[in-house]
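Residue numbers (our numbering): 31 to 431.
Think of the CB as a built atom: it goes at the ideal place given N, C-alpha and C, for glycine as much as any other residue.
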């Protein structure tokens, strides 16, 4: 039960906050008054009226609301709702959320270097991917291992949050993991906790000398890794390529454009439009990779991923296979705030070389539409590129052979 003392503490904290806001608003009002007197700009006063409404609501909450509340949480909720209402891609991040975002935006994170899923049969978590040069990789953990205990404590029945808590420790520390292997034996492995590079690109040679390149995102180092993958496969004798950007959420313009420049012939490859309608055009040089290709997309291919497919299609560079994409053509700018949080705001949009807005046309439509259920795609993803269980990949191989 909330005590009178607790109410007074909340009230005092809120009142002090409101005093600060009130003082700031008073200063703003005076400044705006003189500004309008000299400029006649009434739009600024209208914006200030909106701030006054927000202050009025906070004041009423403080004086009339019967329950308990946290002013910081209330403010975060208000800001989140306000920014979310702008469009589906702009959003507000608290300081904690922004810190977590920064940990993954450059394709690195702190951990042991595995991706896992629940294993109800054995009781634990099954490893579905091991990042190269990570603590898990160096300790000998392989795909298919089932982690059943951490430092001797069974994790059977643990939630993912509880498992993360059990594995969380300072960089440089180690954890003793008990893993069950396909050989039917339990093994005890010591894993180091470290900074892990999550490679955004994986590649391999398929039957018929078809190079397969999967791009998980277009974030930090994706262009470097993509170019390395393609050159490596060409050296190994690749005569065609499949570029898989299914479930790729997009990424950074400065990572996507070097990839397009690397692949495509001379021409416009990126058209950015700011809020004033001014175009900024990025072009490709005459150097290109002149090898047949197919691009795989699905409904979870967002932003840069669907733009990548659209550009290769408009250049008649590649066939496209899969399902229609979402149609996200707005570019976001991440703006750090003094509070430690950040504002991710749509500040421009991009068009294809033919000046097509993927948003206006409802997404990119591939040449060959083949739908997969989420379960079918998850199975194909977990087992690697296999045309026997992946009809979209099967179609891509057929087109190239």
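Inter-residue CB distance, residue i and residue j (contact presumed, cutoff 8 angstroms)
| i | j | result |
| --- | --- | --- |
| residue 244 | residue 232 | 5 angstroms |
| residue 91 | residue 373 | Contact flag wrong, Cβ pair sits at about 24 angstroms. |
| residue 201 | residue 181 | Not a contact, Cβ separation roughly 17 angstroms. |
| residue 371 | residue 122 | 7 angstroms |
| residue 205 | residue 142 | 7 angstroms |
| residue 330 | residue 280 | So it is not a contact: roughly 11 angstroms between Cβ atoms. |
| residue 340 | residue 382 | 5 angstroms |
| residue 283 | residue 361 | 7 angstroms |
| residue 410 | residue 324 | Not confirmed; about 16 angstroms, so no contact. |
| residue 162 | residue 117 | Actually they are not in contact, since the Cβ atoms of residue 162 and residue 117 sit about 37 angstroms apart, beyond 8 angstroms. |
| residue 314 | residue 290 | 6 angstroms |
| residue 396 | residue 350 | 4 angstroms |
| residue 124 | residue 106 | 5 angstroms |
Beta-carbon proximity of residue i to residue j, cut-off 8 angstroms
| i | j | result |
| --- | --- | --- |
| residue 169 | residue 221 | yes |
| residue 268 | residue 235 | yes |
| residue 22 | residue 328 | Residue 22 falls outside the range modelled here, since the chain spans only 31 to 431, and no answer is possible. |
| residue 379 | residue 404 | no |
| residue 352 | residue 391 | no |
| residue 158 | residue 146 | yes |
| residue 332 | residue 388 | no |
| residue 275 | residue 326 | yes |
| residue 430 | residue 240 | yes |
| residue 318 | residue 295 | yes |
| residue 394 | residue 354 | yes |
| residue 167 | residue 160 | yes |
| residue 415 | residue 242 | yes |
| residue 334 | residue 257 | no |
| residue 191 | residue 185 | no |
Where residue i falls: helix, strand or coil (DSSP)
| i | result |
| --- | --- |
| residue 212 | coil |
| residue 314 | strand |
| residue 118 | coil |
| residue 84 | helix |
| residue 101 | helix |
| residue 147 | strand |
| residue 271 | strand |
| residue 95 | coil |
| residue 240 | strand |
| residue 159 | strand |
| residue 57 | Since pLDDT at residue 57 reaches only 40, below the 50 mark, its modelled position is unreliable, and no value is offered. |
| residue 46 | Reliability of the predicted coordinates at residue 46 is poor, the pLDDT of 43 falling under 50, and the value obtained from them is presented with this limitation in mind. Here residue 46 sits in helix by DSSP. |
| residue 141 | strand |
| residue 126 | helix |
Chain C contact for residue i (CB, 8 angstroms cutoff)
| i | result |
| --- | --- |
| residue 221 | Although the question refers to chain C, the structure presented lacks it and comprises just one protein chain. |
beta-carbon residue i near the ligand NAP non-hydrogen atom, thresh 7 angstroms
| i | result |
| --- | --- |
| residue 359 | For the structure depicted, the ligand NAP is absent and the ligand set is empty, with no information on it obtainable. |
Task: Contact the segment 198-214 vs the segment 140-156: 3+ CB pairs below 8 angstroms - done: yes
Open item on the list: Give the list of continuous beta strand (DSSP E) stretches no shorter than 3 residues that lie fully inside the segment 339-404.
Closed with: Entirely contained in the segment 339-404, the beta strand (DSSP E) runs reaching 3 residues are, in chain order, 348-352, 360-366, 372-381.
Task: Contact between the segment 390-403 and the segment 420-431 (3+ Cβ pairs under 8 angstroms) - done: yes
TODO: Let me know the beta strand (DSSP E) ranges lying completely inside the segment 166-237, each 3 residues or longer, listed in chain order.
DONE: Counting only runs of 3 or more, we get 176-180, 204-210, 216-222, 224-227, 231-236.
Open item on the list: Restricting to runs no shorter than 4 residues, where is the alpha helix (DSSP H) found entirely within the segment 275-337?
Closed with: Those alpha helix (DSSP H) runs which fall completely within the segment 275-337 and span 4+ residues are 283-293.
Task: Cβ contact (3+ pairs, closer than 8 angstroms) linking the segment 294-313 and the segment 339-351 - done: yes
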